[in-house]
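Here the protein sequences come in this chain order: A and B. Just so we're aligned, residue 0 is where the first sequence starts under numbering that gives the first Met the number 0, counting upward by one. Just so we're aligned, residue 0 is where the second sequence starts under numbering that gives the first Met the number 0, counting upward by one. I have placed the structure first, in the form of structure tokens, so that the comments after it can refer back to it.
Number of protein chains: 2
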Amino acid sequence: MAGENLTKGGRRREQILTAAVELFGEVGYRGTSLRDIAQRVGITHPGLLYHFHSKQELLSAVLARRDASDETTFGLHDQPSGREQAKRILELAEHNSKTPGIIELFATLSAEATDPEHPAHEYFKDRYQMVTGAFRTMFEGLAADGDLVAEVDAEVMGVTMVALMDGLQVQWLYSPDSVDVAEAMRNFLRAYLKDPL
Amino acid sequence: MAGENLTKGGRRREQILTAAVELFGEVGYRGTSLRDIAQRVGITHPGLLYHFHSKQELLSAVLARRDASDETTFGLHDQPSGREQAKRILELAEHNSKTPGIIELFATLSAEATDPEHPAHEYFKDRYQMVTGAFRTMFEGLAADGDLVAEVDAEVMGVTMVALMDGLQVQWLYSPDSVDVAEAMRNFLRAYLKDPL
DNA sequence: GTCTATAGAGTGATAGAC
DNA sequence: GTCTATCACTCTATAGAC
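This is the structure we're talking about:
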């Protein structure tokens with residue numbers, strides 16, 4: 000498992016990344032200062048800039064680490080069935096609601112980065128294409144396996160399901176007690192599946 | 000119709016509000032400076048502060064104007080059937096895709112204001128309760144009229160439909176050509192309705 | 001009603017000491 | 001590796017001229 004035996008320098012980098020994830024999630028990239036992040040780690044902001052040469056570089060590192068950890072939590076190397084993929088997504092949604100920082104980051108940044116000038120704009124544009132594509136494939140798999148109650152436009156369903164997850168997460172940030180992301184997703188899928196998950 | 004016969008002062012206020020909506024939508028509240036807004040109107044930022052005494056006051060005015068215009072575009076004084084409400088929502092979604100600034104503002108600000116310290120946090124918290132409530136009522140109406148193919152949890156459906164709209168709008172901001180908000184919403188509703196809209 | 005000037009604080013980033 | 005000091009800039013907001 001990569002990223003576990005860390006040098007001292009590597010450990011400090013990890014601390015900074017963790018603090019950055021939290022703060023970018025709470026108040027966005029533009030709302031966070033290098034001093035805020037440095038303070039949370041217990042150093043000064045030039046101290047931080049020794050490890051990351053600019054604020055943008057720090058943002059890139061945050062997004063890259065997220066991608067790496069996504070790849071390890073999802074076992075993306077097998078070829079699961081549509082139903083299996085759907086189950087995993089619900090599990091991920093349940094898992095996320097126990098580790099708020101992760102979902103907070105993406106809910107906040109994905110909206111902030113709609114601005115074409117935002118340093119993470121291209122990242123999110125690519126990511127949306129990737130994720131909606133994966134969900135489209137999932138619905139194609141479900142259709143091929145005869146798991147769906149009716150024909151669907153897999154392309155539109157992919158976009159729809161990603162939109163639903165994103166929107167639910169925003170509402171969940173406003174009132175965690177009255178929104179259950181995983182339950183709403185399961186409820187959504189039930190309308191399309193012959194057998195509930 | 001209120002807000003149509005404007006004094007000269009009122010007209011300048013309107014110009015400022017329009018510019019503020021655009022910029023808050025493009026780069027968020029935190030990403031926008033009073034100088035940016037003032038420049039777009041052709042005055043300096045102290046000139047702007049004559050009309051709105053602080054940046055927060057300007058934000059409040061932007062949100063208040065939005066609420067007022069919502070109330071006039073929706074004829075919320077009649078008691079439409081569930082189907083009628085659903086149709087209006089689709090019409091609104093279609094209309095919004097022709098006036099991007101409006102939807103941009105809410106997609107951007109609603110995520111930015113998840114931070115409890117954000118000046119618009121309580122506004123959006125209240126708004127989500129109101130809008131999800133209205134959609135819950137719509138699904139209750141559809142159920143009562145026998146328009147649904149199966150029983151639903153109207154509460155969850157309200158949250159779900161708002162989440163879907165929000166999420167679709169974010170994706171639409173990333174690639175307007177490959178996402179059709181109104182079509183995806185119509186497609187979503189089709190899974191629940193006996194007769195398509 | 002809008003301007004110039006400015007206060008007072010915060011920003012990302014660099015230089016150079018230790 | 002982390003610090004202090006500082007640069008050059010931007011921010012919101014105010015004072016006071018016109």
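Glycine residues also receive a C-beta, built at the ideal position from the N, C-alpha and C atoms. All of these numbers come straight from a predicted model, not from anything done at the bench.
query, result
"Bounding residues of the alpha helix (DSSP H) (the contiguous stretch that carries Glu-139 of chain A)", "120 to 143"
"Beta-carbon proximity list for Leu-62 of chain B, same chain, < 6 Å, skipping 5 on both sides", "Tyr-122"
"Touch test, the region 168 to 178 of chain A against the region 119 to 135 of chain A, Cβ-Cβ under 8 Å, three pairs minimum", "no"
"Neighbour flag for Glu-93 of chain A against chain B, beta carbons, 7 Å", "no"
"Short CB-CB distance (under 7 Å) between Gly-41 of chain B and chain A", "no"
"Whole-angstrom distance between Ile-15 of chain B and Thr-43 of chain B, CA atom to CA atom", "11 Å"
"Boundaries of the alpha helix (DSSP H) in which Tyr-49 of chain A is found, first to last residue", "44 to 50"
"For Gly-24 of chain B and Glu-103 of chain B, believed in contact at Cβ under 8 Å, the rounded distance", "3 Å"
"When A:Ala-142, A:Phe-134, A:Glu-83 and A:Pro-79 are compared against Leu-163 of chain A, the one with the closest alpha-carbon", "A:Phe-134"
"Residues near Pro-175 of chain B by beta carbon distance below 7 Å, same chain, minus five either side", "none"
"Gly-81 of chain B, buried or exposed, once every other Cβ within 10 Å from all chains shown has been counted against 16", "buried"
"Supposed close pair Gly-27 of chain A, Arg-29 of chain B - CB separation, criterion 8 Å", "7 Å"
"Selected residue, minimal CA-CA separation from Thr-17 of chain A, among A:Val-40, A:Glu-182 and A:Phe-187", "A:Val-40"
"Distance between beta carbons of Ala-60 of chain B and Ile-36 of chain B, contact taken as under 8 Å", "Contact flag wrong, Cβ pair sits at about 12 Å."
"Val-54 of chain A, buried or exposed, once every other Cβ within 10 Å from all chains shown has been counted against 16", "Per the sequence shown, the amino acid found at residue 54 of chain A is Lys instead of Val. Buried, since its Cβ has 16 or more Cβ neighbours within 10 Å."
"Beta carbon proximity, Ala-119 of chain B to chain A, threshold 7 Å", "no"
"DSSP three-state assignment for Asp-179 of chain B, whether helix, strand or coil", "coil"
"Distance between Met-184 of chain B and Ala-85 of chain B (C-alpha atoms, nearest Å)", "10 Å"
"Cutoff 6 Å; reference Leu-141 of chain B; Cβ partners in own chain excluding five residues on either side", "Gly-81 and Leu-147"
"Leu-196 of chain B - DSSP class collapsed to helix/strand/coil", "coil"
"Reference Gly-9 of chain A; option with closest CA among A:Arg-65, A:His-50, A:Ser-68 and A:Ala-181", "A:His-50"
"Residue burial classification, Gly-145 of chain B (beta-carbon count within 10 angstroms, cutoff 16)", "exposed"
"Per-residue contacts from Phe-187 of chain B into chain A (C-beta, under 8 Å)", "Thr-159"
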